[in-house]
Structure formats: C-alpha cells, structure tokens
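Asker: Numbering-wise (UniProt numbering), the sequence shown opens with residue 1 and increments by one.
Backbone N, C-alpha and C define an ideal beta-carbon position, used for all residues, glycine too.
Keep in mind it's a predicted model, so treat the numbers as computed, not measured.
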Amino acid sequence: MTDASSVEAVNAQASAAYQQILEIVGGVEPRIAEATRQELADQRSSLKLIASENYASLPTLLTMGTWLSDKYAEGTVGHRFYAGCQNIDSVESIAAEHARELFGAEYAYVQPHSGIDANLVAYWAILNKRIESPELERLGAKTVNDLSEADWETLRRTFSEQRVMGMSLDAGGHLTHGFRHNISGKMFHQRSYGTDPESQLIDYDKLRADAKEFKPLILIAGYSAYPRRVNFATMREIADEVGATLFVDMAHFAGLVAGKVFTGDENPVPFADVVGSTTHKSLRGPRGGFVLATKEYSESVDKGCPMVLGGPLSHVMAAKAVAFAEARQQSFQGYARNVADNAKTLAEGLMKRGAKLVTGGTDNHLVLIDTTSFGLTGRQAESALLDSGVVTNRNSVPNDPNGAWYTSGVRIGTPALTSRGFGADEFDKVAELIVDVLTNTTAMTASNGQPGKARYTVAGGVADRTKAAAAELLDANQLYPGLEL
Ligand code: PLP
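(1) What is the C-beta distance between L474 and S15, in whole angstroms, given that I count them as a contact (C-beta under 8 Å)?
(2) Please confirm whether G413 and S52 have their CB atoms less than 8 Å apart.
(3) Report the three-state DSSP secondary structure of T445 (helix, strand or coil).
(4) Using the Cα positions of K206 and K212, report the straight-line distance between them to the nearest angstrom.
(5) Cβ atoms of D302 and T76: under 8 Å apart, would you say?
(6) Can you have a look at P401 and say buried or exposed, based on whether 16 or more other CB atoms are within 10 angstroms of its CB?
(7) Would you identify the three-state DSSP class for K467, choosing helix, strand or coil?
(8) Three Cβ pairs or more, each shorter than 8 Å: is that satisfied between the region 241-261 and the region 5-25?
(9) Does the region 282-292 come into contact with the region 323-334, if we say contact requires no fewer than three beta-carbon pairs (one atom in each stretch) closer than 8 Å?
(10) Among the residues of its own chain, which have a CB less than 8 Å from the CB of F47, if the five just before and after it don't count?
(11) Mind checking whether F247 and A108 have CB atoms under 8 Å apart?
(12) Between the C-alpha atoms of P134 and A327, what's the straight-line distance to the nearest angstrom?
(13) Say yes only if the C-beta of N395 is nearer than 7 Å to one or more non-hydrogen atoms of ligand 1, and no if none qualify.
(14) Whole angstroms is fine: what's the gap from A258's alpha carbon to G460's?
(15) Nearest CA to the CA of R229: which residue from A244, F262, D210 and T245?
(16) Measure the CB-CB distance between L217 and Q162 and report whether it falls below 8 Å.
(17) Do three or more CB pairs link the region 108-124 to the region 269-276 at distances below 8 Å?
(18) Any idea which residues DSSP pairs residue 490 with across the strands?
(19) Would you say the beta carbon of Y480 comes nearer than 7 Å to a heavy atom of ligand 1?
(20) Determine the burial state of L68: buried for a count of at least 16 other Cβ atoms within 10 Å of its Cβ, exposed for fewer.
(21) Mapping DSSP to helix, strand and coil, what is residue 497?
(22) Can you tell me the Cα-Cα spacing of T176 and D146, whole angstroms?
(23) Which same chain residues end up closer than 6 Å to S184 when comparing Cβ atoms and leaving out the 5 residues on each side of it in sequence?
(24) Do the region 365-372 and the region 343-350 touch if we need at least three Cβ pairs shorter than 8 Å?
(25) So that I know if they touch, is there some Cβ in chain D lying closer than 8 Å to that of R37?
(26) By how many angstroms is the C-alpha of V316 removed from the C-alpha of Y18?
(27) Report the three-state DSSP secondary structure of M167 (helix, strand or coil).
(28) List the DSSP bridge partners of L357.
(29) Are the CB atoms of V462 and D436 nearer to each other than 8 Å?
(30) Excluding the 5 residues flanking A41 on each side, which residues of the same chain have their C-beta closer than 7 Å to its C-beta?
(31) Compare the beta carbon distance of residue 499 and G361 with 8 Å and say whether it is the shorter of the two.
(32) For T158, count neighbouring C-beta atoms within 10 Å of its own C-beta (all shown protein chains included) and say buried if the count is 16 or more, exposed if not.
(33) Is it right to say S90 is buried, meaning 16 or more other beta carbons lie within 10 angstroms of its own, or is it exposed?
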C-alpha cells in the first residue's frame, strides 16, 4: 500500500487478471464465479462497519491464489516432515521476519490458520513451558514417550487443573478467553474479570485482587468488543505479582499496534510473554493468525504443529508476508491513525445525536452502541440497519439483560471504511444515518404477546433514504478503484 494513485494503478492492472481468473473458474463451476462476483458487488454497495472486517489489498489477495497451496510443509523452517520444502521455508522465514520487525518481537510464528488457532497454539505453548517441561524434568524423562502410563495420566490431569483469567464475554472478551462453550473453557478452570459497573472500564484494582485470590497460570488481556485501550504495563505487573504468564490476544487491534497508534504502555508486545493475533482485522491482511513470543517461549510455540496444527497454509503465509510488508510502510501508520480518529468522530457523532455508548466513547477502532437507549435489542437494531444497507453486528453489553443471542448492543468498527478512504466528514454522516435508522425503528411485540426481541418495523422511506445517502458516500470512496469486473 503506497499512495492512492499507485494503488489504483495496481488495481487496474489486476482487473484483467481477475476477469480471466473468474472466467476460468466459471468454466468449472459457474456458481462459484458468480458468488465471487456478487460478493464484490455487495461489499462495494454497503457500509461495512463490522469491527472485525477489512479489505485486504489486491497484492495480498492475489498472493493467495497460487500453487503454494499445494505443498505440505509440516514442521518448522529447516525442520520439515516432508521433502522439497525449500520454497516454503523461504516464504515462512520472510513472513516471520516481517512480523518480528513490524512488532519488535523476539519471535514470530506465522503458521496458525486463524485467530482461534493462534490462541490454541499459545495456550499449549504456555502449558508446555510451564507444566510439561518442568514435570518431565522432575520425572527424569526427555519426552512424554518416556513416561510410564501412570505418570502420563497424572501429567494429563495436571494440564486440565490449570487456571486462566480473561475478560468476560459481555464485557468484551472473546470466546477463546475461557468461555465455557469454547475449548478454552473446557481445558482450563476459568474466572473472568469484568468492567466497573459505573464507568464500564476495566477496574485494574479489582482485577489485581481477583487475580491474587484465583492465582491463574495465564492472565489473558485483549478483547473483541471493548472500545478502550488496555494498560499492558499494569497487566504485566499483575501477572508478575501472581506468577502468571501474560498472554495478550491482539486479534482486533494488531493494526493499531503495527501502525504505532498504541505505543508505550498500550503496546502489548514489550510486556507480554506470548501474543496471539489475527491478520485480517485492523491489520488488513489475509484471513489468518500468528503468534509472537519472547525467546523463552519460542521453542514451545514452534510445537504448534503437531500439537494443534497440521500442514501450514503456505499460500496464506505468503500473503501474510505481503500484508506485513505493506504494514511496514510509512503509509500504514497514517491509515492506523485514521482508523482511531474516525472511531472518535463516529462516537462523537452518535452521542451528540442521542445514542448511548458503552464506556461513553472510544479510543480504539470500535464503538458499542447500547441499543436499549432506542428501545431495541441488539438483534432488532442490527436487522434494521442491515435493511438500510448498514452492515454491523449485534453484541452483548456489560451485564446484558438480553443475553448473548439477542443482546443489547451493536458493535461498529472503522477499519474497513477507513481502508476505502472515509474520513471525519463521512463518519459523521455515517453516525447521522445510524441514528436516523435506530430512531425510526420500533420494537414489535412477539407472537406470544411478550415484548419482542427479534421483530421490529422501520418507518416507511427510512431504509431507502439511508441506502441513497450511503451510495453517495460509497461512490465517492470506491472499493478497489480501477478494478472492473
Ligand atoms: N481473538 C479475538 C479477540 C477475536 O475477536 C477473534 C475473532 O473474532 C478471534 C480471536 C478468532 O479469530 P478467527 O475468527 O480468525 O479464528
């Protein structure tokens, strides 16, 4: 990603390639070519405000469509379980080098296929380092294969007796932070930390007191829907006080770390033992994950395969390398600053028009509207906005009265539309459109006569006028300008 004119030139060059590619694909399965074309049309014509989505560059997307996909490469660079991996070794080394340099990390592991995989790799690396290795040493064994059946049984039980502490789902944490329906909640005993009932901000004193009582092996920091920055220096202090490994899940805000919006105590990398992330949210890369670690944890992280991964997706590792290279360019820092500035503009625009926001604002890339201020559940608000061409997702708010399915909030993020070139004027207009839709949406009673959580009606003409206003904004800020399909 360099300046706008060179991006446009690359997109125009890619047009012919994409036309041919879709023709070739259509020759085998026309419905897939059609769905691919239609997805571009849909993404071009709606306001994409899902906080976890973005638009990767065409060089990043193109990198994924190659024969690198066809090669098995289980293992690590220079230590593979398959022959002929020299090119995959290059790809993986380049991607890892970019990740290390971009984030100033001691070690990077770029094989995880997704954020969930990255977190699983991280958890097992920590279990390996903190539990398995010392136990093996104590028992005089080199590997688990040297253990007697009885000792192996004891070791397995020891794994499942470990504790983690992460942010609760309704305060903005992620499923992988110990939620009972995720494997993390089944692997570990979990206690979550929430936010202060008044300010809705993390209460570090309470978190510290809870951690001292619970004594987790892993303290997890990071979030999916918390609209504020985290003080990772304080998280490190707390982890040290209770002997925990500090794991930070920066899946959502990796782009703000890469773009140097989160610096000092807000940059997790110098403070965490292990960091998990996705590549496709604010970082604008391909769909995937990666892990950063201190040297101390690097050997354990490398055991991602065979522990929870099979062969890496080499074509995606290549695309990660391209996206990391893009994020190392100066222009990415401007992009990341715009993402955060636009979120502030959006929050102010929503609040000045009467919307209530969780925590009363934002200082990252997302805002969370408390939809009860419009008399709506998150589900009703999400659906009404979608009918009007505004794509968001419903999300729990702290202590949500409507539970995790209907919810009482809508999460809105700025990374995707910022990639399209939206700035302050556009985001103020987006705020106006959202409030217009929500103010003109009425909850309807359910078929059993109870207050409805799903049914709603949008006043006549509102959806059409919102779509028309959105189309103007979108036309002026083209997605992949120069790409004709
Ligand atoms: N971690 C956090 C904080 C997330 O928000 C997400 C996805 O939403 C993930 C992990 C999982 O990422 P993926 O969907 O790539 O598995």
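Answerer: The answer reads as follows:
(1) Position 474 of the sequence shown, counted from the first residue, corresponds to residue 474. Position 15 of the sequence shown, counted from the first residue, corresponds to residue 15. About 19 Å; that fails the 8 Å criterion.
(2) Residue mapping note: residue 413 aligns to position 413 of the sequence shown, counting from 1. Residue mapping note: residue 52 aligns to position 52 of the sequence shown, counting from 1. Against a cut-off of 8 Å, the Cβ pair of S52 and G413 comes out as a contact.
(3) Locating residue 445 in the sequence shown gives position 445, where the first residue counts as 1. Of the three classes helix, strand and coil, the one that applies to T445 here is coil, per DSSP.
(4) Mapped onto the sequence shown, residue 206 falls at position 206. Mapped onto the sequence shown, residue 212 falls at position 212. Approximately 10 Å, taken between the alpha carbons.
(5) Stepping through the sequence shown from its first residue, residue 76 is reached at position 76. Stepping through the sequence shown from its first residue, residue 302 is reached at position 302. Yes, the Cβ-Cβ distance between T76 and D302 is below 8 Å.
(6) Reading the sequence shown from its first residue, position 401 is the one you call residue 401. Exposed, by the Cβ-count rule.
(7) By 1-based counting over the sequence shown, the position of residue 467 is 467. Here K467 sits in helix by DSSP.
(8) no
(9) yes
(10) The residue given as residue 47 occupies position 47 in the sequence shown. Residue identity differs from the one stated: residue 47 is Leu in this sequence, not Phe. Here the set comprises G389, V390, V391, L417, V430, L433, A470, L473 and L474.
(11) What you label residue 247 is simply residue 247 of the sequence shown in a count that begins at 1. What you label residue 108 is simply residue 108 of the sequence shown in a count that begins at 1. In this structure, A108 does not lie closer than 8 Å to F247 by Cβ.
(12) Reading the sequence shown from its first residue, position 134 is the one you call residue 134. Reading the sequence shown from its first residue, position 327 is the one you call residue 327. C-alpha separation (whole angstroms): 39 Å.
(13) Locating residue 395 in the sequence shown gives position 395, counting from the first residue. Checking every heavy atom of ligand 1 against the Cβ of N395, none is found closer than 7 Å.
(14) Position 258 of the sequence shown holds residue 258. Position 460 of the sequence shown holds residue 460. Each residue's alpha carbon lies about 44 Å from the other.
(15) For the purposes of this step, residue 229 is identified with residue 229 of the sequence shown, where counting begins at 1. The option with the nearest alpha carbon to R229 is F262.
(16) For the purposes of this step, residue 217 is identified with residue 217 of the sequence shown, where counting begins at 1. For the purposes of this step, residue 162 is identified with residue 162 of the sequence shown, where counting begins at 1. Yes, these two residues count as a Cβ contact at 8 Å.
(17) yes
(18) Residue 490 lies beyond the range of the chain shown here (1 to 485); nothing can be said about it.
(19) As a first step, residue 480 is located in the sequence shown; it is residue number 480 there, counting from the start. Checking the Cβ of Y480 against ligand 1 gives no.
(20) Within the sequence shown, numbered from 1, the residue matching residue 68 stands at position 68. By the 10 Å Cβ count, L68 comes out buried.
(21) An answer regarding residue 497 cannot be provided, because it is not within the stretch 1 to 485 covered by the chain.
(22) Walking along the sequence shown from the start, residue 176 turns up at place 176. Walking along the sequence shown from the start, residue 146 turns up at place 146. Going by the C-alpha atoms only, they are around 32 Å apart.
(23) Within the sequence shown, numbered from 1, the residue matching residue 184 stands at position 184. Contacts found: T176 and G178.
(24) yes
(25) Any reference to chain D falls outside this structure, which holds one protein chain only.
(26) In the sequence shown, the residue the question calls residue 18 occupies position 18. In the sequence shown, the residue the question calls residue 316 occupies position 316. Roughly 18 Å between the two C-alpha positions.
(27) Position 167 of the sequence shown, counted from the first residue, corresponds to residue 167. Of the three classes helix, strand and coil, the one that applies to M167 here is strand, per DSSP.
(28) Your numbering for residue 357 matches position 357 in the sequence shown. Its beta-bridge partners are I369.
(29) Translated into positions along the sequence shown, residue 462 becomes position 462. Translated into positions along the sequence shown, residue 436 becomes position 436. Yes, the Cβ-Cβ distance between V462 and D436 is below 8 Å.
(30) Counted from its first residue, the sequence shown places residue 41 at position 41. Excluding residues within five positions, none has a Cβ falling inside 7 Å.
(31) Here the chain has residues from 1 to 485 only, and residue 499 is not among them.
(32) Reading the sequence shown from its first residue, position 158 is the one you call residue 158. With fewer than 16 other Cβ atoms within 10 Å, it is exposed.
(33) Reading the sequence shown from its first residue, position 90 is the one you call residue 90. Answer is exposed; the Cβ neighbour count stays below 16.
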